[in-house]
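Accompanying notes for the structure given below.
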């Protein structure tokens with residue numbers, strides 16, 4: 007077994023076996039596990055601490071000191087190693103040596119438990135059994151412990167002016183920040199320069215590894231954090247340095263939790279990322295996308311989980327990815343990777359991941375199946391299977407999920423989301439007892455351990471929400487409410503949670519509580535549209551009480567947009583106009599756009615134009631109000647203004663049939679019959695049988 011075949015989720019399992027053996031008093035089994043790990047992967051500080059403790063437990067303080075010394079030679083700033091050494095020296099009645107080690111442990115890690123009590127024991131006045139000084143080798147480690155490693159960060163950026171300042175601010179206290187720019191056209195470079203970062207420039211070559219390596223070449227610090235502009239360090243540089251001291255080892259890379267937030271969808275996922283590594287000769291990245299850090303020999307360093315700090319990924323929201331073109335860029339690079347290496351499972355897996363992230367789970371399924379069939383390594387196979395189950399769940403193929411149990415259980419049973427997917431499949435197929443068993447498997451997992459990939463709350467509150475949904479399916483809404491109420495704070499703004507909670511309140515004849523809950527949520531104008539829609543869906547199926555609540559959405563800031571859509575569907579144009587006038591201060595571009603349509607139907611074209619202008623000034627990316635402004639100008643004979651607005655609409659949606667037809671009308675107004683035909687043929691290619699296309703076809707025939 008090599009570090010490359012022992013990925014961190016499986017390494018952690020072996021490591022847990024060693025710790026469990028130690029905690030149950032089985033020091034021999036603990037040492038056997040540790041000997042195997044150390045023999046394959048080196049003297050990681052955590053392993054050497056436990057090895058020293060296990061040797062002390064069986065009465066071998068000299069052997070413990072040898073083991074601890076091997077750890078200190080690799081990482082002399084590890085406080086737990088010095089604390090364990092102090093215990094060993096006490097066992098040998100070398101009080102001064104113990105006190106020296108304990109003092110170092112305190113200086114290096116003030117949060118280590120039990121140091122004060124232990125110091126009191128050392129203070130017992132008894133004669134030394136030997137000399138009072140530490141051996142020479144230990145003196146060298148004491149000296150080395152006084153030299154803290156330097157800490158830097160490397161970023162590659164392009165047009166990140168909206169994100170970069172926040173990222174750099176979170177890195178306060180780092181010794182060096184390297185920002186490699188790949189031809190930004192905004193203020194990215196100026197922001198980086200103002201922060202004092204070291205700036206580099208490179209041409210983008212469709213290769214993330216090449217850019218990462220160029221940034222690494224500029225770095226001079228001992229340890230380097232790899233971070234992106236749309237990420238934030240949660241915690242401080244002190245927390246990062248403490249992780250290096252406690253766990254740092256040149257042969258590994260530290261893997262914090264990366265929190266992928268999607269506030270629009272109201273949920274988040276966690277994954278572990280290999281982000282903090284020692285700067286060693288020849289260490290480099292490989293891969294044009296989803297690049298991996300490798301040592302000089304091409305092998306990946308060992309991954310090790312750290313938890314005192316995290317990275318918050320703010321650019322995970324689907325709309326952000328799509329609006330900034332990141333998904334298109336990623337898909338292009340993934341297509342290149344697939345063409346270059348179709349025999350590898352990784353490009354198939356990551357392409358499926360990209361498709362699923364932008365709402366195309368059905369397209370992702372085949373790619374995940376292909377990846378699984380290409381003999382991926384164990385750690386990747388578990389991720390492939392988990393993503394496949396997730397895509398099947400999103401497409402409603404519950405039988406397909408259960409059909410994969412025989413081939414996925416061994417790889418995925420340590421992942422809480424695996425049991426949540428199985429539970430959901432069982433529940434949707436009416437197999438409630440099996441669903442409950444699956445959910446309780448997730449509950450039984452350690453709360454503090456976050457694996458390679460999981461949804462937020464997968465091992466804490468989310469299984470209870472699933473059990474509540476199961477109780478609802480059984481008709482026990484009181485039981486569902488009892489499970490949900492204690493978890494209101496933990497669930498945050500997860501749409502499915504609040505939909506279920508409101509349903510439970512209504513089903514248990516508590517409409518006033520349901521109304522109060524909706525009012526609390528909808529009072530926040532920034533509430534995610536998905537949560538608003540899910541609340542509305544819950545109310546729509548709960549009789550008069552639900553309908554009464556739904557009718558009040560226009561009274562709450564976050565419910566205004568949905569209330570306007572309901573009025574539009576009912577052709578209540580006056581209601582929309584009144585709603586927009588009441589809530590104009592919210593600055594909702596979508597409401598302005600609907601108000602423009604309403605005023606047009608009510609015959610007030612000036613008010614309609616003003617509403618459409620407000621809409622595009624608040625959100626220039628909207629297509630419909632640009633088109634409607636063009637149509638109004640066309641109706642007034644303002645051909646130049648009409649064309650400007652219609653072209654703006656076409657830039658945002660090249661398949662807008664009505665925009666193409668109106669542009670043809672503008673060309674006709676100018677007598678430009680060639681341009682008329684050009685716009686018309688584009689429209690005809692989109693919808694040849696549309697009534698307006700057929701009418702224009704007749705008119706164009708008359709031009710001949």
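Numbering (our numbering), first residue to last: 7 to 710.
No residue lacks a Cβ here, since even glycine has one placed at the ideal position from N, Cα and C.
What you are looking at is a predicted structure, and each value in this text was computed from that prediction instead of being measured.
Taking C-beta atoms under 8 Å as the contact rule, residue 473 and residue 442 qualify, at a distance of about 7 Å. Listed as beta-bridge partners of residue 204 by DSSP are 184. Secondary structure note for residue 319: its beta strand (DSSP E) is the uninterrupted segment 308 to 319. Counting along the chain, residue 53 sits inside the alpha helix (DSSP H) bounded by residues 51 to 63. Along the length of the segment 444 to 505, whole beta strand (DSSP E) runs at least 3 residues long occupy 459 to 461, reported in chain order.
In the same chain as residue 362, and ignoring 5 residues on each side of it, the C-beta atoms closer than 8 Å to its own belong to 370, 393, 396, 397, 400, in chain order.
Residue 298 has 292 as its beta-bridge partners, per DSSP. Put simply, the segment 367 to 382 touches the segment 348 to 359. At least three CB pairs are less than 8 Å apart. The segment 177 to 188 makes no contact with the segment 112 to 121; the number of CB pairs closer than 8 Å stays below 3. Its Cα nearest to that of residue 239, the residue 317 stands out among 305, 212, 256, 317. Sixteen is the threshold: when 16 or more other Cβ atoms of the shown chains lie within 10 Å of the Cβ of residue 672, as they do, the residue is buried. Under the Cβ criterion (8 Å, minimum of three pairs), the segment 98 to 105 counts as touching the segment 138 to 147. Residue 221 holds the alpha-carbon nearest to the alpha-carbon of residue 204 among 545, 213, 221. When the beta-carbon positions are compared, residue 208 and residue 294 stay at least 8 Å from each other.
With contacts defined by Cβ atoms closer than 8 Å, residue 611 and residue 638 form a contacting pair. Every alpha helix (DSSP H) stretch that sits fully inside the segment 598 to 645 and reaches 4 residues is listed by chain position as 611 to 624, 630 to 641. Note: residue 261 is bridge-paired with 311 in the DSSP secondary-structure output.
Of 110, 257, 227, the smallest CA-CA separation from residue 49 is found for 257. Comparing alpha-carbon positions, the option among 217, 407, 352, 409 lying closest to residue 383 turns out to be 352. Non-local beta-carbon contacts of residue 225 in its own chain, meaning distances under 8 Å to residues more than five positions away in sequence, involve 158, 160, 182, 184, 285 in chain order. According to DSSP, residue pairing for residue 157 in a beta bridge involves 229. Annotation for residue 570: 582, 585, 597, 600 place their beta carbon closer than 6 Å to its own, counting only its chain and skipping 5 residues before and after.
The beta-carbon distance between residue 94 and residue 111, rounded to whole angstroms, is 12 Å. This is too long to meet the 8 Å contact definition.
Taking the Cα positions, residue 341 is about 29 Å away from residue 194.
In this chain, the beta strand (DSSP E) harbouring residue 238 covers 237 to 240. Remark: C-beta atoms of residue 250 and residue 281 do not approach each other more closely than 8 Å.
Looking at the backbone, the Cα of residue 333 and that of residue 521 are separated by about 39 Å. By the CB criterion at 8 Å, residue 55 and residue 86 fall inside the cutoff.
For the pair residue 592 and residue 563, the CB atoms are nearer than the 8 Å cut-off. Of 263, 577, 107, 622, the smallest CA-CA separation from residue 658 is found for 622. The alpha-carbon of residue 506 is positioned some 56 Å away from that of residue 675. Taken through DSSP and simplified to helix, strand or coil, residue 163 comes out as strand. The beta-bridge partner set that DSSP reports for residue 247 is empty. The C-beta distance from residue 699 to residue 689 rounds to 6 Å, short enough to meet the 8 Å contact threshold. Taken through DSSP and simplified to helix, strand or coil, residue 529 comes out as coil. Here residue 174 is buried: its Cβ has 16 or more other Cβ atoms, across all protein chains shown, within 10 Å.
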